[in-house]
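In the numbering used here, the protein residues as written are 53 to 411.
We put the beta carbon where it would ideally sit given N, CA and C, even for glycine.
Okay, so here's the structure we're looking at.
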Amino acid sequence: MSNALVSSMWDAVIGQPHAVELLQRLTEHPVHGFLLVGTEGCGKDEAARAFATTLLTGAADPSSREGRLIAQQGFADVHEIWREGASISAEMAQDIVESASRSPIESSHKIIILHEVHLMAEAAVVRLLKTFEEPTAHVVFILLADSLVPSLVTVASRCVVVQFGEVSPDIIEAQLISEGVAQATAQSASHGAAGSIERARLLAQDGAYAARRLAFSSVPTSLDGSGSVALALVDDIVQRIEAATVPLEEQHKLEIEELEKRVKATGERGSGRKTLLEAHKRQLRRFRSDELRSGLAVLAGVYRDAMSHAHNAHKTHDYAEAVAHVHTAMHNLGLNANETLLLQSLFLRLPIVRGVELS
Numbered sequence: 053m054s055n056a057l058v059s060s061m062w063d064a065v066i067g068q069p070h071a072v073e074l075l076q077r078l079t080e081h082p083v084h085g086f087l088l089v090g091t092e093g094c095g096k097d098e099a100a101r102a103f104a105t106t107l108l109t110g111a112a113d114p115s116s117r118e119g120r121l122i123a124q125q126g127f128a129d130v131h132e133i134w135r136e137g138a139s140i141s142a143e144m145a146q147d148i149v150e151s152a153s154r155s156p157i158e159s160s161h162k163i164i165i166l167h168e169v170h171l172m173a174e175a176a177v178v179r180l181l182k183t184f185e186e187p188t189a190h191v192v193f194i195l196l197a198d199s200l201v202p203s204l205v206t207v208a209s210r211c212v213v214v215q216f217g218e219v220s221p222d223i224i225e226a227q228l229i230s231e232g233v234a235q236a237t238a239q240s241a242s243h244g245a246a247g248s249i250e251r252a253r254l255l256a257q258d259g260a261y262a263a264r265r266l267a268f269s270s271v272p273t274s275l276d277g278s279g280s281v282a283l284a285l286v287d288d289i290v291q292r293i294e295a296a297t298v299p300l301e302e303q304h305k306l307e308i309e310e311l312e313k314r315v316k317a318t319g320e321r322g323s324g325r326k327t328l329l330e331a332h333k334r335q336l337r338r339f340r341s342d343e344l345r346s347g348l349a350v351l352a353g354v355y356r357d358a359m360s361h362a363h364n365a366h367k368t369h370d371y372a373e374a375v376a377h378v379h380t381a382m383h384n385l386g387l388n389a390n391e392t393l394l395l396q397s398l399f400l401r402l403p404i405v406r407g408v409e410l411s
């Protein structure tokens with residue numbers, strides 16, 4: 053999160069004016085279910101919290117007690133739920149149903165923010181449908197999905213759907229510059245952020261970003277057909293990504309220190325430390341996944357480039373197959389696959405590309 057001062061929680065939603073305007077209008081006539089759809093990092097998480105705060109308090113004031121606690125995922129009547137494992141299971145869905153049946157503690161409504169519903173198991177969808185069809189008066193569901201997959205069509209029909217577009221590199225670059233980032237750094241970070249302002253902020257602090265991209269792009273020309281070289285390349289990339297998490301871990305330390313200072317000063321009950329630590333784990337996992345996806349996209353680009361040269365016509369099938377393998381690996385990252393084993397399996401299957409084949 054940027055240190056820039058904001059007057060409204062909506063200010064944290066960058067480059068989504070149409071979605072923000074629609075959500076602000078919807079707070080005047082709320083229904084029981086909302087489905088926010090957009091790629092990871094597009095701002096829908098921040099929008100969900102601003103929306104929840106407005107529904108409960110009439111405003112999205114980040115300095116209010118409710119706004120501050122909701123932003124930190126620590127308010128009693130706003131429950132944020134993430135999947136455990138590869139999908140949202142039927143067991144998790146049952147827990148959500150039971151939570152929805154309980155009355156709010158200190159507000160007029162209870163709000164349940166359910167993340168990654170595009171990864172909801174079919175049995176979980178079936179279990180939740182009755183709750184969506186016959187909602188209790190005091191519950192509002194805010195569902196977040198990266199895409200509107202077929203299994204969500206029925207759920208979507210019971211909700212107001214709000215689409216979030218991918219934030220363009222130009223908008224992210226302008227935002228970073230407004231926060232004091234140098235233009236060249238902002239440009240590089242914005243193009244590697246895959247539409248995520250939070251990732252762009254981290255990359256702007258990361259002097260080794262270009263070196264990591266080079267490490268991925270050099271894999272096809274570094275392979276020699278031996279398992280030892282493939283595994284060594286994986287070890288190098290994994291170590292680079294681990295080193296890249298340091299700025300985020302430092303940010304997490306500061307957030308813990310700020311939380312402890314506030315608890316000591318105000319004597320707040322239920323400090324929210326556990327919730328914050330869980331959020332930090334998710335952020336680190338997401339950062340590593342984003343790094344791998346970004347690097348794998350670079351890797352796939354090398355094979356596509358090799359395919360474009362006429363003198364490689366006899367290898368087109370091998371290179372096309374390599375691109376398919378890379379895309380499969382990118383997909384499997386979302387299934388909580390072991391990152392090191394995933395890369396090892398991939399690199400051992402990739403064909404060699406000689407430098408001359410790229411000329």
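Taking C-beta separations shorter than 7 Å and ignoring five residues to either side along the sequence, the partners of valine 213 in its chain run Leu87, Val89, following chain order. If you draw a 10 Å sphere on the C-beta of glycine 137, you find fewer than 16 other C-beta atoms in it, and that means exposed.
Take aspartate 342, set aside five residues on each side of it, and the residues of its chain with a beta-carbon closer than 6 Å to its own are Arg251, in chain order. By the neighbour-count definition (other C-beta atoms within 10 Å, threshold 16), aspartate 97 is a buried residue. Taking a C-beta distance under 8 Å as the contact criterion, methionine 61 and alanine 102 qualify as a contact pair.
Counting only runs that start and end inside the region 57–104, the alpha helix (DSSP H) elements of at least 4 residues fall at 69–78.
Under the criterion of beta carbons closer than 8 Å, alanine 372 and asparagine 364 do not qualify as touching, at roughly 11 Å. Per DSSP, isoleucine 157 is not a residue of any alpha helix (DSSP H), being assigned neither H nor E. In chain order, Val214 place their CB closer than 6 Å to the CB of leucine 74, counting only its own chain and leaving out the 5 sequence neighbours on each side.
Between histidine 377 and arginine 401, the gap from beta carbon to beta carbon is short of 8 Å. When the beta-carbon positions are compared, histidine 161 and valine 191 come within less than 8 Å of each other. Of all alpha-carbon atoms in Leu196, Ala175, Ser155, Ser141, the one lying nearest the alpha-carbon of glycine 95 is that of Leu196. Note that the C-beta distance between tryptophan 134 and histidine 170 is not below 8 Å. If you look at histidine 131, you'll find it in the beta strand (DSSP E) that goes 130–133. Beta-bridge analysis with DSSP links leucine 196 to Leu88.
Counting other Cβ atoms within 10 Å of its Cβ, glutamate 391 reaches 16 or more and is therefore classed as buried. Following the DSSP letters along the chain, one finds glutamine 239 inside the alpha helix (DSSP H) bounded by residues 235–243. Assigned with DSSP and collapsed to three states, isoleucine 164 falls in strand.
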